[in-house]
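*Asks:*
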Amino acid sequence: MNKKPLEGIKVLDMSWFGAGPICGRALANSGATVIKLETEKRIDGLRAMAPRPKGGRGYNISGYFNNYNSDKKSITIDLTTSKGHALGLRMIEWADIMITNMTNRATNQIKIDWQTVSKVNPQLVAAYMPMMGMTGPYKDFQGFGAMLTAISGMNHLAGFESNRPVGVGTNYPDYVINPMHAYIAILSALRVAKKNKKGQMIELSQYESSVAAMALPLFAHDNANIKYQRKGNRVDFAAPHGVYQCKSTEKNNDQWISIACLNEKHWKSLSNLINNDFFTKNNFSNITDRKNNEDKIDQIINNWTQKHTSIELQEKLQAKQIPAGIVQNAQEVVEDEHMLQRNYFVKLAHAEAGERLYDGTGWQMSKTEIGMNSAAPLLGEHTFEICSEILGLDSTEIANLVADQVLF
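Reminder that position 94 of the sequence shown reads as 86 in the working numbering, one-by-one numbering, no gaps.
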């Protein structure tokens, strides 16, 4: 295998919580040297969040934080002080890439706006990820993924007809859409910067990035004046399309399977497998007929699925090339034989949290190494090393900055 694709690229990660750190981790897993800059006055809020090892306390053992910050180094600088701000600018001068998902107000307060940083490092790729963008009436709004799923329209579609929105169950934009959009934008800008010796600012509105996942209902409204409503697990373009209860097992009495008939071939195969008189008599050879009888069809399918375990059904349905998948809980995903054989999960030994399981990169490359090598850093773990090797400070200078509470 060749070396990782981003080896030699230097990243200053000034982000926190979800979208920014996950983007930073993707860059680190791709080989970039990523330094996470925090301060003890304002640490990454994920450090204080569960899950934690039983009985564990402190800022270094959050599974949440450690999962999204592997392969990084940590330095703690108080950027609100004049000396700290000067050190921060020197770190920006060192970097090829800077990432922040602070509010516009915070970015301006600590003076890491584009106008400032571009003068310090004209070749810098600076990715700013304010929730609502840098302009517009909502530009100073604060919030996280839970707000984005609401304002983007995701929550409006999550739930069953005639009931209130139930939400999507996770801060989805934080974990997938926004960090990966940022990752792609950064790589694109980096390519230009290396070619032309000129950096640029990336403005990623997490609101706009999240709305990109809502293309179908938005275009339906704009092009056909169709207003999407909550339908539970159903969709307009397929039937049956749902989640059905299955037979309990000793290990799990809450088993379900998802089945989606996207075309007539899927439906015919499912109908033959179930072999129900109602299906035989009525044929239901087109989507319109099936949608008009969806309640009855779902009832028959549910009666059938409750006679089988979800694993049995998945094997039977997939053998007939019918889209179907078991509904797994977290433990079942971690123990999934398919995931284990593909070595998706990675065990890393953390200095305080111990050996823990972390999720992988989500992609593999045939000729280039990708993936995690080291656990997340302790708060300020590499402050002395970075100040010495990158900033060129001697031990006396570092000690004085610690005494002045510029470094921690």
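Cβ atoms here follow ideal geometry from the backbone N, Cα and C, with glycine treated the same way.
1. Please report the straight-line C-alpha distance between K131 and G50, rounded to a whole angstrom.
2. In the DSSP assignment, find the alpha helix (DSSP H) that holds Q333 and state where it starts and stops.
3. Closest to N264 by CA distance: which of C15, I314, N284, P122 is it?
4. On the CB-based measure, 16 or more other CB atoms within 10 Å of its CB, does V184 come out buried or exposed?
5. Does the count of Cβ pairs from the segment 334 to 353 and the segment -3 to 15 closer than 8 Å reach three?
6. Quick one: measure Cβ to Cβ for N215 and L196, integer angstroms, because I've assumed they're closer than 8 Å.
7. Given this structure, state the Cα-to-Cα distance separating M124 from N244, to the nearest angstrom.
8. Under 8 Å, with one C-beta from each stretch per pair, do the segment 90 to 100 and the segment 376 to 392 reach the 3-pair mark?
9. When you compare each of Q192, E85, I382, N294 to W248 by their alpha carbons, which one comes out closest?
10. Between L210 and E361, what straight-line distance do the alpha-carbon atoms span, to the nearest angstrom?
11. In whole angstroms, give me the CA-to-CA distance for L29 and S66.
12. Kindly indicate the opening and closing residues of the alpha helix (DSSP H) around H213.
13. If I follow the unbroken alpha helix (DSSP H) through L179, where does it start and stop?
14. Just the Cα atoms here: how many angstroms apart are V158 and K189?
15. Please state the DSSP three-state secondary structure of S110.
16. Just mark M146 as buried or exposed, buried being the case when its beta carbon has 16 or more other beta carbons within 10 Å.
17. Got a sec, what are the start and stop residues for the beta strand (DSSP E) T31 sits in?
18. In angstroms with no decimal places, state the Cα-to-Cα distance between I266 and Y167.
19. Please classify T68 as buried or exposed, where buried requires at least 16 neighbouring CB atoms within 10 angstroms.
20. What runs of the alpha helix (DSSP H), each 4 residues or longer, lie entirely inside the segment 143 to 172?
21. Can you tell me the Cα-Cα spacing of N58 and K(-5), whole angstroms?
22. Comparing C-alpha positions only, which one of H233, K312, E304 sits nearest to Q291?
23. Taking the alpha carbon of A367 as the point to measure from, which residue in L116, N21, G12, M121 has its own alpha carbon closest?
24. Less than 7 Å between the beta carbons of A24 and L4, yes or no?
25. Is DSSP giving K273 helix, strand or coil here?
26. I'd like the list of long-range same chain contacts for R282, defined as Cβ closer than 8 Å, with 5 residues on each side in sequence excluded.
27. Three or more C-beta pairs under 8 Å: does that hold for the segment 363 to 377 against the segment 328 to 346?
28. Judging by CA-CA distance, which residue of Q397, G384, D396 is the nearest neighbour of R82?
29. Could you please give the first and the last residue of the uninterrupted beta strand (DSSP E) stretch that includes L81?
30. Near N225, what residues of its chain come up, given a Cβ to Cβ distance below 6 Å and the 5 sequence neighbours on each side ignored?
31. Per DSSP, what kind of secondary structure is T297 in: helix, strand or coil?
32. Taking Cβ positions, are S261 and K312 nearer each other than 7 Å?
33. So N155 and T141 are in contact, right, with Cβ under 8 Å, and what is the actual spacing, rounded?
34. Using only the alpha-carbon positions, how far apart do G161 and F271 sit?
35. Select from Y199, M357, Y56 the residue whose C-alpha is nearest the C-alpha of P129.
36. Is the beta carbon of P165 less than 7 Å from the beta carbon of S202?
*Replies:* Let's see:
1. Along the sequence shown, read from residue 1 onward, the residue named residue 131 stands at position 139. Along the sequence shown, read from residue 1 onward, the residue named residue 50 stands at position 58. Rounded to whole angstroms, K131 to G50 spans 34 Å at the Cα level.
2. Taking the sequence shown and counting its residues from 1, the one referred to as residue 333 is at position 341. Run containing Q333: 329 to 333, per the alpha helix (DSSP H) assignment.
3. Counting from 1 along the sequence shown, the entry for residue 264 is found at position 272. Taking only the C-alpha atoms, the option nearest N264 is I314.
4. As a position in the sequence shown, residue 184 is number 192, starting the count at 1. By the neighbour-count rule (16 or more Cβ atoms within 10 Å), V184 is not buried but exposed.
5. no
6. To locate residue 215, count along the sequence shown from 1; it is residue 223. To locate residue 196, count along the sequence shown from 1; it is residue 204. 27 Å between Cβ atoms; not a contact.
7. Here residue 124 refers to the residue found at position 132 of the sequence shown. Here residue 244 refers to the residue found at position 252 of the sequence shown. In a straight line, the C-alpha of M124 is about 42 Å away from that of N244.
8. no
9. Counted from its first residue, the sequence shown places residue 248 at position 256. Checked all of Q192, E85, I382, N294; the closest Cα to W248 is N294.
10. In the sequence shown, the residue the question calls residue 210 occupies position 218. In the sequence shown, the residue the question calls residue 361 occupies position 369. Cα to Cα, the separation comes out at about 39 Å.
11. On the sequence shown, residue 29 is found 37 positions in, with the first residue counted as 1. On the sequence shown, residue 66 is found 74 positions in, with the first residue counted as 1. Those two C-alpha atoms are separated by around 6 Å.
12. Mapped onto the sequence shown, residue 213 falls at position 221. Counting along the chain, the alpha helix (DSSP H) containing H213 begins and ends at 207 to 216.
13. Counting from one through the sequence shown, the residue named residue 179 turns up at place 187. From DSSP, the alpha helix (DSSP H) with L179 extends over 170 to 188.
14. For the purposes of this step, residue 158 is taken as residue 166 along the sequence shown, with counting starting at 1. For the purposes of this step, residue 189 is taken as residue 197 along the sequence shown, with counting starting at 1. Straight-line Cα distance between these residues: approximately 49 Å.
15. Looking up residue 110 in the sequence shown gives position 118. Looking at S110 - three-state DSSP - the assignment turns out to be helix.
16. On the sequence shown, position 154 is the one that residue 146 refers to. Classification for M146: buried.
17. Your numbering for residue 31 matches position 39 in the sequence shown. Segment: none, T31 is in no beta strand (DSSP E) and carries neither H nor E.
18. In the sequence shown, the residue the question calls residue 266 occupies position 274. In the sequence shown, the residue the question calls residue 167 occupies position 175. Each residue's Cα considered, the two are about 38 Å apart.
19. Within the sequence shown, the letter at position 76 stands for residue 68. Buried, since its Cβ has 16 or more Cβ neighbours within 10 Å.
20. 146 to 149
21. Counted from its first residue, the sequence shown places residue 58 at position 66. Counted from its first residue, the sequence shown places residue -5 at position 3. Going by the C-alpha atoms only, they are around 24 Å apart.
22. Locating residue 291 in the sequence shown gives position 299, counting from the first residue. Taking only the C-alpha atoms, the option nearest Q291 is H233.
23. The residue given as residue 367 occupies position 375 in the sequence shown. It is N21 whose Cα lies nearest to the Cα of A367.
24. Position 32 of the sequence shown holds residue 24. Position 12 of the sequence shown holds residue 4. No; because the gap between Cβ atoms is not below 7 Å, this pair is not in contact.
25. As a working mapping, residue 273 is identified with position 281 in the sequence shown. DSSP places K273 in helix when its eight states are reduced to three.
26. What you label residue 282 is simply residue 290 of the sequence shown in a count that begins at 1. Once the five neighbours on either side are set aside, the close Cβ partners of R282 are A231, P232, C253, W259, F276, I289.
27. yes
28. By one-based count along the sequence shown, residue 82 stands at place 90. When only C-alpha atoms are compared, the closest one is G384.
29. Residue mapping note: residue 81 aligns to position 89 of the sequence shown, counting from 1. Note, L81: premise wrong, no beta strand (DSSP E); alpha helix (DSSP H) at 74 to 86.
30. In the sequence shown, residue 225 corresponds to position 233, counting from 1. Cβ neighbours of N225 beyond the five flanking positions: G234, V235.
31. Your numbering for residue 297 matches position 305 in the sequence shown. DSSP places T297 in helix when its eight states are reduced to three.
32. Taking the sequence shown and counting its residues from 1, the one referred to as residue 261 is at position 269. Taking the sequence shown and counting its residues from 1, the one referred to as residue 312 is at position 320. Yes, they are a contact pair.
33. Residue mapping note: residue 155 aligns to position 163 of the sequence shown, counting from 1. Residue mapping note: residue 141 aligns to position 149 of the sequence shown, counting from 1. With a Cβ gap of about 17 Å, N155 and T141 do not count as contacting.
34. As a working note, residue 161 is residue 169 in the sequence shown. As a working note, residue 271 is residue 279 in the sequence shown. Each residue's alpha carbon lies about 35 Å from the other.
35. On the sequence shown, residue 129 is found 137 positions in, with the first residue counted as 1. Answer by Cα proximity: Y199.
36. Stepping through the sequence shown from its first residue, residue 165 is reached at position 173. Stepping through the sequence shown from its first residue, residue 202 is reached at position 210. In this structure, S202 lies closer than 7 Å to P165 by Cβ.
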